[in-house]
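Here the sequence shown stands for residues 7 to 529, where the numbers follow the working numbering.
Here's the structure we're looking at; comments come further down.
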Amino acid sequence: MPSSSSSSSAILFSAIAIFFFFSASAIALPPPRGFFINCGAEEEIISGEIKWITDDGFIASGNRSSISIPNLAPTLSNLRFFPEIAAKKNCFVLPCNSRSIYLVRTSYFYGGFDGGVSPPIFDQIVDGSIWSAVDTAEDFSLNLTSYFEVVVRASGRKMSVCLGRNGRTVGSPFISTLEVVELEDSMYNATDLDRHLLATVARHRFGHSGAITSYPEDPYHRNWAPFPGEAGAPTVESHADVTPADFWNLPPAAAFRRGITASRGKTIVLRWPPADLPPANYYIALYFQDNRTPSPYSWRVFDVSVNDAVFVPSVNASADGVMLFSGNWPLSGPTFLSLTPALDSPVGPVVNAGEVLRLVPRNPPTVSRDVIAMEELARSLSNIPSDWTGDPCLPPGTAWTGIECSQGKPSRVISLNLTSRGLTGTLPAGINNLTALTRIWLSGNQISGNIPDLSSLRQLVSLRLENNRLSGPIPSSMGSLKKIQEIFLQNNDLEGIIPKSLKDRNGINFQITPGNDKITVGS
Numbered sequence: 007m008p009s010s011s012s013s014s015s016a017i018l019f020s021a022i023a024i025f026f027f028f029s030a031s032a033i034a035l036p037p038p039r040g041f042f043i044n045c046g047a048e049e050e051i052i053s054g055e056i057k058w059i060t061d062d063g064f065i066a067s068g069n070r071s072s073i074s075i076p077n078l079a080p081t082l083s084n085l086r087f088f089p090e091i092a093a094k095k096n097c098f099v100l101p102c103n104s105r106s107i108y109l110v111r112t113s114y115f116y117g118g119f120d121g122g123v124s125p126p127i128f129d130q131i132v133d134g135s136i137w138s139a140v141d142t143a144e145d146f147s148l149n150l151t152s153y154f155e156v157v158v159r160a161s162g163r164k165m166s167v168c169l170g171r172n173g174r175t176v177g178s179p180f181i182s183t184l185e186v187v188e189l190e191d192s193m194y195n196a197t198d199l200d201r202h203l204l205a206t207v208a209r210h211r212f213g214h215s216g217a218i219t220s221y222p223e224d225p226y227h228r229n230w231a232p233f234p235g236e237a238g239a240p241t242v243e244s245h246a247d248v249t250p251a252d253f254w255n256l257p258p259a260a261a262f263r264r265g266i267t268a269s270r271g272k273t274i275v276l277r278w279p280p281a282d283l284p285p286a287n288y289y290i291a292l293y294f295q296d297n298r299t300p301s302p303y304s305w306r307v308f309d310v311s312v313n314d315a316v317f318v319p320s321v322n323a324s325a326d327g328v329m330l331f332s333g334n335w336p337l338s339g340p341t342f343l344s345l346t347p348a349l350d351s352p353v354g355p356v357v358n359a360g361e362v363l364r365l366v367p368r369n370p371p372t373v374s375r376d377v378i379a380m381e382e383l384a385r386s387l388s389n390i391p392s393d394w395t396g397d398p399c400l401p402p403g404t405a406w407t408g409i410e411c412s413q414g415k416p417s418r419v420i421s422l423n424l425t426s427r428g429l430t431g432t433l434p435a436g437i438n439n440l441t442a443l444t445r446i447w448l449s450g451n452q453i454s455g456n457i458p459d460l461s462s463l464r465q466l467v468s469l470r471l472e473n474n475r476l477s478g479p480i481p482s483s484m485g486s487l488k489k490i491q492e493i494f495l496q497n498n499d500l501e502g503i504i505p506k507s508l509k510d511r512n513g514i515n516f517q518i519t520p521g522n523d524k525i526t527v528g529s
């Protein structure tokens, strides 16, 4: 068994004996905290007990489309797609609570909306980190919807969920629905969520068949899929409800109501998750409950192993319920869950539910002052590139159009080149906070207003603002930029005196004419 001090060790968490439960039919649950977005839709709809809103205000790029297929769920009859090849990513940006944990779920139903015969392949990105690729070809061939989930801790007051092009993208990335649900602080926190995302691989109720269990049985709108087990595997029904609040992950009571078992002395072996897993570390949570009427004799003892490695020995699954979990467990290929009963256990083992989530390395977010400054610049300018949303630098290779970033951790914005892009608007004061900038090239646009103070840009080597509509004086601070080698300001409407600090400076290629007829050289 792994050391109890290891981050990959499984931890036993037993529920306290409190027999107090409200069923969904006995009390009206509030809707999950978060957003349920019907992408591409033009009006809100109610589906089941969830209100689905439009994506207006969350994204500024992409086009709406609809799918005409009989009996298609209303949340799948619309989608948003992104045909612009030049945009490396397109992002939904949602308000959130900084440092809170969220479950993000995306769904994709292709339906041949673009007249193609195969859906495009593209990346999913959350807060600057690629969480998975989207390849829905197999589901499309079966007329099924593809779902993806990830657990993420918000690093700030906004969260971006983006679709990014990759080397295999042909056609237009698209999305049907986006759900972002706030979780409780205890949930899935055995993994360092500042360094990792948790991409859902499987979440099952064992011994069940039929429909997926979700809200309102699970107040956090997680999907618990049925997992009937091997043909002929005996199942049991629970005679007592557990209290979800006694478990860190707050599983729904419904997850415990049935389980897969075996007769006394027999071992349960399940191929679970059903699909082979890529080599990685995984978060594993398993849920057990003795199904019998609570009594001093209602207990089961067994060892739990994953791929022949002991996960936790001598688990005592009482009627109160037990949760086992590991925040960092290595898996690869086919995975088998084994429950081996103790020699003196009066009954065989039982397992009720389980979750597996893959640890995905997370990029440290771009330096916050750079993000804030770039967002201010995006608000101050018009006709900016459509991919100017989400993290300006991340993931690597998907920086905003015209932006170059450092490869350090965290990333910094080091170059801004939007020459002849048809930009209008003004340059905000916040550009002075981009202190790692070495180059600002904004020539050949229609930018107006004053040139802001640039005194903090001590790494700036090249400033090209020619052929715009800038007015006002030349900031005297320009002459104090020790690394500056060229300043191009010609063909604007600047006025006043050339600062002495700039006029007397040697080694600078300083261009002020033609244009700028109101500028005087001064003494």
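Positions of the beta carbon are idealized from the N, C-alpha and C atoms, including for glycine.
- Residue 81 carries a helical assignment under DSSP once its states are collapsed to helix, strand and coil.
- Per DSSP, the unbroken alpha helix (DSSP H) holding residue 146 starts and ends at 143 to 147.
- With a beta-carbon spacing of about 6 Å, residue 514 and residue 491 fall inside the 8 Å limit used to define contacts.
- The three-state secondary structure of residue 110, taken from DSSP, is strand.
- Residue state for residue 313 is assigned as coil, using DSSP reduced to three classes.
- Under a 10 Å Cβ-count criterion, residue 327 is classified as buried, with 16 or more other Cβ atoms of the shown protein chains found around its own Cβ.
- Remark: C-beta atoms of residue 355 and residue 343 do not approach each other more closely than 8 Å.
- Contact check for residue 457 and residue 471: beta-carbon distance about 7 Å, within the 8 Å limit, so the pair qualifies.
- In this structure, the straight-line span from the alpha carbon of residue 213 to that of residue 243 is close to 9 Å.
- Note on geometry: alpha-carbon atoms of residue 102 and residue 519 lie some 49 Å from one another.
- Using a Cβ distance threshold of 8 Å, residue 183 and residue 65 do not count as a contacting pair.
- For secondary structure counted as the beta strand (DSSP E) over 3 or more consecutive residues, the stretch 301 to 382 holds these complete runs in sequence order: 307 to 312, 315 to 322, 328 to 339, 342 to 347 and 359 to 367.
- A straight line joining the alpha-carbon of residue 292 with that of residue 330 spans about 5 Å.
- For residue 469, the enclosing beta strand (DSSP E) has its first and last residue at 468 to 470.
- Residue 454: member of the beta strand (DSSP E) spanning 452 to 455, first to last residue.
- Residue 386 is positioned such that its CB atom lies no closer than 8 Å to that of residue 414.
- Between residue 449 and residue 473, the CB-CB gap stays under 8 Å.
- Around the C-beta of residue 393, 16 or more other C-beta atoms lie within 10 Å, and the residue is accordingly described as buried.
- By the Cβ test, the stretch 127 to 142 is in contact with the stretch 357 to 375, since at least three Cβ pairs between them sit closer than 8 Å.
- Looking at 266, 475 and 70, the one whose alpha-carbon comes closest to that of residue 234 is 266.
- Your pair residue 206 and residue 363 checks out as a contact, with CB atoms roughly 5 Å apart and the cut at 8 Å.
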